[in-house]
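Participant: Before I ask anything, here is the structure I am working with.
Chains as they are written, first to last, in this note's numbering: chain A, 7 to 153; chain B, 1132 to 1259; chain C, 1062 to 1725; chain D, 656 to 982.
This is how it looks when you write it as structure tokens:
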């Protein structure tokens, strides 16, 4: 693990589907709704494009929280993508919980293109959760050769 | 008991959802004992939903329901009005807190035309 | 190694106000692979685009990163600019530093830092970008309309008028559908035949329309622009091109006991028949279930009387195969069966009829010649009870009816009530309703006229039971507003039976890989914005098969549907979205999981021969994506355990590189 | 049973139904058994074995075998048959190229557990009245309770039913078995998060990334594993950091979710005795609870819970809110 000189700041990766949530994030910007700069958005075509690998990779590379945003169930641009995402993420989150990783480091939120306010609020509350959880060490420490 | 609590109890006993009702009145349209009743099947559903159960508890309509289940059978929304009537009836009986029919009183009440089934349902209805 | 140019936009003060654009440009300029970086006031302006174009040429850029507003805003602008300078448009990535940075973060240092990180992520992605060329496929300029009701006819006519050939496949012997059976149409009360039959004739005579009546779709292959459809032409036992429709055979046929479908079994027809006088095509059809010649080999009267020798008892079903660019589903509806509603005595008394049967009883060409007579004793009914919502709006778990509102019943019941009162003022008409739903132009006014002008008794309540007794129908119902139970001795009871999608729709949807809801209505691509398209590209929807609707709505939807079809057929080639899935055949297991999740049916499987490490060959099943059908959602990529399935433009390693760049 | 199997295999070779046989081959010791293909009656007579240690699931080998010319005879135990059916559903095996003889399985023994009882030098194991009689080189006979020496996968056997076969060696099929296979998962779920974390840390830290779990798993039969694929972005033949193994085990469990028949081979072969089946069973338990009971390989159903959905599925947040102590 690298030595940090600066005080810890959370690093949050947000996967946003192109059609609803990314547009919702844009709307938050257009309405000048503030949320912390710790949130970095990655655009994906649909929430069903988010591979559990991406989420684990983010944690592996030092992310403290990962949030997946998609269209509301029933509103998916591709009709069923978010339904698949919902099952996949439910199972993945349950597994992470089972391994003893803190609840709340991962989240799924449905944000429509009209919900700029909800996007900003979601990010604010998510950052708050991550700050209260502190640095993400558990996933990295899960397999520790020294023990 | 307060009306609200009574409503909750009735809803619990009925184990049916009055909100599913679309107020079509088919239950009352089908009811064979409609004219005898002060409150009709659809009113039981609606009044329980609204929490207005006091008049129902005091009404003779409770005992005029034949439990023929035609309202349950006909209801397009599967609201099962008879369950509400039965639940109000049970609430009333519980409120009374005593049995209304004692076995020793029965021989006096029956004549030779009384069907056995009536005795069974009378016990079901009037005893605890 | 890519040669990447970074272009940082100020967006006036929109970005430059809270992001140090110079610092962003300088820092990103030092990233590996970046050979040029610049900042500019308005990158989307003409001079900004020129800067991009010139730099691409001057520095021989192989990729570009634009740090600017949302890609939803100007991605296309910058891609076009890149293409104009000879760079593949898909080598351009946008870092959104306006909506996601400058507009939400007030702190200059934090904003600048985030802008740099987002820029790095975009650079990391461009390093893995590959030029993409959108696939093209030709378009067969011919449309297939499945269903020859008013929806199908209108769609076909509109497409044909635009100059494209159209085939209408209709399963019954004539086109016209349910509308042909109607008497009058609300709210204007013009006669259905008067407005429909000219359209049927127009379809028959239109040079671009071919009517394949008495036919069914047997198989559908292909994809948008390139469907191949196998159509079963059922044996009529009459040569369609020879028969003149003179009708002599239908008069001479000795078998008079076949139920007349057009009159819903209220009258009988012969074994050889023409459904109704205005049928299109006006050709006789032999009903093999009733024809003595076909059943026993003894008769042959029709063949003897036919002047043009059109009868052919040896005819067999034939299959034709045709190519189409677009397919329209217009399979329509049917009323639900009422066998589960014993309380209304539908199966006990002939005087309890459905609304569609009532239409026939009112119709001048119907079984009673237009005089309203009740079926049991052919006497004039004096009291008629209409019951609405029979089977509509039922509980979702109900096995009797359907959960939705059938939408048309309120209006046609008002129509029936009104017409009955107008023709026979001595008739008492009761309508039992739960709610009267009349949204639509001049609809509520129409209903009010029934109540106010024609004195129809509208009673809020529902009929509980109907008992036939001594030639009367004893109707017991509730009147909720007066809080009483009504007992009416009626002569007829008319049931507004719920409508449901035609039974042929479900197998058709399977053939088309079009999706359906739990009620067997076709689902639209988007419930608000793409209401006449199926999620399956190239498949369009018109009329009741998509949901309950009346004639004006059906016709509007049909024309909208035709517009979409014309738009598709007008193209010579379909240019696809190049950001589609593709499968690496060397890694594919052929396990079908990707096809299971694909909402578009874009994935098929082929057996391919592979060389094995031991130099033998083995045949393996591998997935193949049809780029013309794939919409690029990526559901398959995550389902694929081996990672054989990947998405152009959003590949596994591209997204992973973005994650890495952000989390560095 | 071994003799009957050899006899039947010879008949089927003889009459041309098959041209080779998938089975288990004797090793140096009785517990040293490997899956193998036999081509002749002589080979069968000499090496074919069926005993308390023929636990290996042979269905995975049939992926490659059924692609070869000719027809192969496969003896499938109930748990093997579930895996085979799942592979059929995924079009990985060619059903026509394999003749399946279903064989009953009364459970397989774990050598380590027998050793732990202080018994060494085993020469034979027979079954008697529900117990096992273990004979050693010292000509001693030890009676041990079956349950004490069962492999984990047999201890929590879900079914003695063979779900796909051409014939049954015994002529009759077994039935599903009531089991407590999710108890251990529930026990871990009920731990406080810190304890759960400590448990898994202890287990996963032992991983030496030998890939035995991956190589034996019938569901892990990708043409090329995502972890070997340079294009996937997670290729790691040589792990860069400790996290890689966590990633590997989570993703491996995720990739087989909905397809894992719970055959238990992963835990059986793990040289470090990591209870990997508890990861797979966690997914199975979650899917059963959230999306309805589902057993991979049981039927011809090709859409499993992860490739399916309902409009009213639970939201992912349920993971953090649903009941259970320690949550």
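Yeah, the Cβ is synthetic: ideal placement off N, Cα and C, and Gly gets one too.
Helix or strand or just coil, what does DSSP make of residue 1329 of chain C?
Facilitator: strand
Participant: For the segment 672-703 of chain D, list the alpha helix (DSSP H) runs that are entirely contained and at least 4 residues long, ordered along the chain.
Facilitator: 696-702
Participant: Based on the DSSP secondary-structure assignment, which residues constitute the bridge partners of residue 1491 of chain C?
Facilitator: For residue 1491 of chain C, which the question treats as bridged, DSSP gives the partners C:1446 and C:1518.
Participant: Counting only the same chain and skipping the five closest in sequence on each side, list residues whose C-beta sits under 6 Å from that of residue 1231 of chain C.
Facilitator: 1209 and 1274
Participant: Consider the Cβ of residue 722 of chain D: report whether some Cβ of chain C lies at a distance smaller than 7 Å.
Facilitator: Chain C contact via Cβ: present.
Participant: Residue 1596 of chain C versus chain A: which residues are under 7 Å apart at the beta carbon?
Facilitator: 85, listed in chain order.
Participant: For residue 982 of chain D, which residues from the same chain have a beta carbon less than 7 Å from its beta carbon, with the 5 sequence-adjacent residues on both sides left out?
Facilitator: Bear in mind that a pLDDT of 36 at residue 982 of chain D, under 50, signals an unreliable position, so the number given afterwards is only what the model happens to contain. No residues qualify anywhere along the chain.
Participant: Using three-state DSSP, classify residue 1525 of chain C as helix, strand or coil.
Facilitator: strand
Participant: Report the three-state DSSP secondary structure of residue 803 of chain D (helix, strand or coil).
Facilitator: helix
Participant: For the ligand PLP, is there a heavy atom less than 6 Å away from the beta-carbon of residue 1446 of chain C?
Facilitator: Judged by which ligands are present, the structure shown has none, so any question about the ligand PLP falls away.
Participant: Which residues of chain A have a Cβ atom closer than 9 Å to the Cβ of residue 1713 of chain C, listed in chain order?
Facilitator: Ordered by position in chain A, the residues that pass the 9 Å Cβ test against residue 1713 of chain C are 57, 59 and 60.
Participant: Are residue 1160 of chain B and residue 1467 of chain C touching if we call contact CB-CB under 7 Å?
Facilitator: In this structure, residue 1467 of chain C does not lie closer than 7 Å to residue 1160 of chain B by Cβ.
Participant: Going straight from the alpha carbon of residue 1182 of chain C to that of residue 18 of chain A, what length do you get?
Facilitator: 14 Å
Participant: Is residue 114 of chain A closer than 7 Å to residue 129 of chain A when the C-beta atoms are compared?
Facilitator: Not closer than 7 Å, so no.
Participant: Using a Cβ-Cβ cut-off of less than 9 Å, list which residues of the segment 1182-1203 of chain C approach chain A; keep chain order.
Facilitator: 1182
Participant: Could you tell me which chain C residues have their CB closer than 7 Å to the CB of residue 1150 of chain B, listed as they occur along the chain?
Facilitator: Result: empty, since nearest Cβ-Cβ is about 12 Å, beyond 7 Å.
Participant: May I have a chain-ordered list of the alpha helix (DSSP H) segments no shorter than 4 residues that lie completely inside the segment 1206-1252 of chain B?
Facilitator: 1212-1227 and 1237-1240
Participant: Whose C-alpha, out of C:1291, C:1189, C:1320 and C:1341, is nearest the C-alpha of residue 1262 of chain C?
Facilitator: C:1341
Participant: Take the Cβ of residue 1178 of chain B as the centre, count every other Cβ of all protein chains shown within 10 Å, and call the residue buried at 16 or more, exposed below.
Facilitator: Of the other Cβ atoms in all chains shown, 16 or more fall within 10 Å of the Cβ of residue 1178 of chain B; this residue is therefore buried.
Participant: Would you give the residue range spanned by the beta strand (DSSP E) that residue 1553 of chain C belongs to?
Facilitator: Residue 1553 of chain C -> beta strand (DSSP E) spans 1553-1558.
Participant: Could you work out which residues of chain A lie near residue 1721 of chain C, taking near to mean beta carbons separated by less than 8 Å?
Facilitator: 63 and 67
Participant: When burial is assigned at 16 or more other CB atoms within 10 Å of the CB, is residue 1774 of chain C buried or exposed?
Facilitator: Any question about residue 1774 of chain C goes unanswered here, given that chain C covers just 1062 to 1725.
Participant: Going by beta-carbon coordinates alone, are residue 1076 of chain C and residue 1163 of chain C separated by less than 7 Å?
Facilitator: yes
Participant: Is residue 1131 of chain C close to chain A, meaning its C-beta is less than 7 Å from at least one C-beta of that chain?
Facilitator: yes
Participant: Nearest CA to the CA of residue 1613 of chain C: which residue from C:1153, C:1221, C:1189 and C:1256?
Facilitator: C:1256
Participant: By alpha-carbon positions, which one of D:882, D:960, D:660 and D:744 ends up nearest to residue 728 of chain D?
Facilitator: The option with the nearest alpha carbon to residue 728 of chain D is D:660.
Participant: Distance, Cα to Cα, residue 1220 of chain C vs residue 1277 of chain C?
Facilitator: 21 Å
Participant: Please identify the residue among C:1117, C:1567 and C:1215 whose C-alpha is closest to the C-alpha of residue 1139 of chain C.
Facilitator: C:1117
Participant: Would you please state the rounded distance, in angstroms, between the beta carbons of residue 730 of chain D and residue 678 of chain D? I believe it to be under 8 Å.
Facilitator: 6 Å
Participant: For the segment 1433-1448 of chain C against the segment 1487-1497 of chain C, do three or more pairs of beta-carbon atoms, one drawn from each stretch, fall closer than 8 Å, so that the two count as touching?
Facilitator: yes
Participant: Pull up the DSSP beta-bridge partners for residue 812 of chain D, would you.
Facilitator: Residue 812 of chain D is not bridged to any residue.
Participant: Alpha carbon to alpha carbon, what distance is there between residue 1453 of chain C and residue 1404 of chain C?
Facilitator: Each residue's alpha carbon lies about 15 Å from the other.
Participant: Can you tell me whether residue 954 of chain D is buried or exposed? The criterion is at least 16 other CB atoms within 10 Å of its CB, across all chains shown.
Facilitator: exposed
Participant: So with Cβ pairs under 7 Å, would you call residue 957 of chain D a contact of chain A?
Facilitator: Residue contact check for residue 957 of chain D against chain A: no CB pair falls below 7 Å.
Participant: By how many angstroms is the C-alpha of residue 132 of chain A removed from the C-alpha of residue 934 of chain D?
Facilitator: Going by C-alpha positions, residue 934 of chain D is about 28 Å away from residue 132 of chain A.
Participant: Going along the chain, which residues of its own chain have a beta-carbon closer than 6 Å to the beta-carbon of residue 1224 of chain C, five neighbours each way excluded?
Facilitator: none
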